Every structure is written in structure tokens, then in C-alpha cells.
Amino acid sequence: MSDNATAGRSGFDAVIAAADYPVFVVTTRADGRQAGCLVGFTSQVSIEPRRFLVGISKNNFTFGVAMAAERLAVHLLGREQSSLAALFGAETGDDINKFAHCKWQPGPGELPILAAAAGWFTGRILERHDLGDHVGMLIEPEDASAPPPTDPLRYNTVADLKPGHVA
Numbered sequence: 027m028s029d030n031a032t033a034g035r036s037g038f039d040a041v042i043a044a045a046d047y048p049v050f051v052v053t054t055r056a057d058g059r060q061a062g063c064l065v066g067f068t069s070q071v072s073i074e075p076r077r078f079l080v081g082i083s084k085n086n087f088t089f090g091v092a093m094a095a096e097r098l099a100v101h102l103l104g105r106e107q108s109s110l111a112a113l114f115g116a117e118t119g120d121d122i123n124k125f126a127h128c129k130w131q132p133g134p135g136e137l138p139i140l141a142a143a144a145g146w147f148t149g150r151i152l153e154r155h156d157l158g159d160h161v162g163m164l165i166e167p168e169d170a171s172a173p174p175p176t177d178p179l180r181y182n183t184v185a186d187l188k189p190g191h192v193a
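Every number in the working numbering is 26 more than the matching position in the sequence shown, counting from 1.
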């Protein structure tokens with residue numbers, strides 16, 4: 027890699043780190059399996075109609091379940107919920123049942139809804155797009171539980187987590 031390319035990559039990484047995006051936990055269910063993971067690549071991509079894009083790593087246990095799923099649940103975490111972020115970010119569904127280690131309940135479409143989440147919404151998966159090492163899942167929000175005023179958990183708070191799978 028050239029020096030310019032290396033400088034460009036490190037500069038890009040610095041800009042993204044400074045943006046300090048909120049992180050979310052995504053849960054899903056398909057074929058009798060449920061899964062969930064911490065995601066940092068998300069964005070609302072349309073106002074009307076409402077659309078939200080979630081990037082899930084192809085190496086993640088949740089990826090296989092999400093590829094067979096019809097819907098996703100997207101959970102906003104508050105700043106104080108780093109232990110929930112660690113459960114869904116540093117553990118893998120290949121090794122443990124994450125849902126046995128937290129409170130949850132079946133929500134719309136039988137999706138697992140995390141009881142401790144500040145807020146959440148569910149949506150039907152409209153499209154899947156290969157984005158490199160992640161697949162972008164475009165969802166149409168359907169049901170939601172609005173959060174109280176909250177300071178969301180952000181990337182810089184969880185940046186030191188060792189992921190359950192390398193992206």
C-alpha cells in the first residue's frame with residue numbers, strides 16, 4: 027500500500043472515530059433460531075418512506091440467521107448499558123446462547139426484544155446488499171418503543187471490546 031493510501035486510511039479512521047456514532051444491538055429470528063449482535067454500521071437512509079440500513083458482518087453468527095430472517099429488531103442502548111453491549115459484541119452465538127444471559131421477551135413477529143434497551147424498533151427486511159465484509163440489510167420500520175431522553179452508548183465506549191468474531 028502506498029504512503030498516500032496509508033495516510034488516507036488512517037485519516038478516514040480518525041474521522042469516523044471522531045464522529046463517535048451510536049451503536050445498536052440487532053436481534054432476529056429464523057428457522058427456530060434467534061441471534062443478536064452489536065452493530066456499529068447503521069443509518070437512517072430515507073425519511074419518507076422510512077428506511078434504515080443495518081450492516082452485519084459476514085463472519086458473525088447473527089449473519090446466518092439474519093440471511094434467513096424476514097425481520098430485524100434494532101435496539102438503542104443507553105450509555106450505562108456497556109455490559110449488554112459486551113454480551114452482544116464480545117460473545118458469539120457459536121459458543122453461547124446470549125439470550126440466556128439477559129432479560130428479553132418475544133416482540134412483534136416473535137423477534138427477541140431486549141428488556142434493558144432504551145428503545146427499539148422492528149422492521150421487515152426489504153433488501154440485502156453486499157457491502158464488502160458486511161451485508162447491508164435495508165429495513166422498513168414497523169413497530170417501535172420510543173426511548174425516554176437518553177445519552178446513547180457510542181462507538182468510543184465499546185471500541186476496546188474484543189469481538190466474538192473478527193469482522
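Note that beta-carbon positions come from the ideal geometry of N, C-alpha and C, so glycine has one too. Since the structure is predicted, the reported quantities are computational estimates derived from the model, not experimental observations.
For Leu-152, the nearest candidate out of Thr-118, Ala-95 and Lys-188 (CA to CA): Ala-95
Element boundaries [alpha helix (DSSP H), containing Ala-116]: 108-116
Gly-162 vs Thr-148 beta-carbon contact at 8 angstroms: no
Nearest-angstrom Cβ-Cβ length linking Pro-167 and Phe-78, presumed shorter than 8 angstroms: 6 angstroms
Pro-138, buried or exposed, once every other Cβ within 10 Å from all chains shown has been counted against 16: buried
Phe-67, DSSP secondary structure in three states: coil
Cα-Cα separation, Phe-89 to Pro-173: Phe-89 and Pro-173 have their C-alpha atoms some 26 angstroms from each other.
Proximity winner among Arg-154, Val-41 and Thr-53, relative to Trp-146 (alpha-carbon distances): Thr-53
Stretch pair the segment 67-81 + the segment 121-131: three plus CB contacts closer than 8 angstroms: Result no; under three Cβ-Cβ pairs closer than 8 angstroms.
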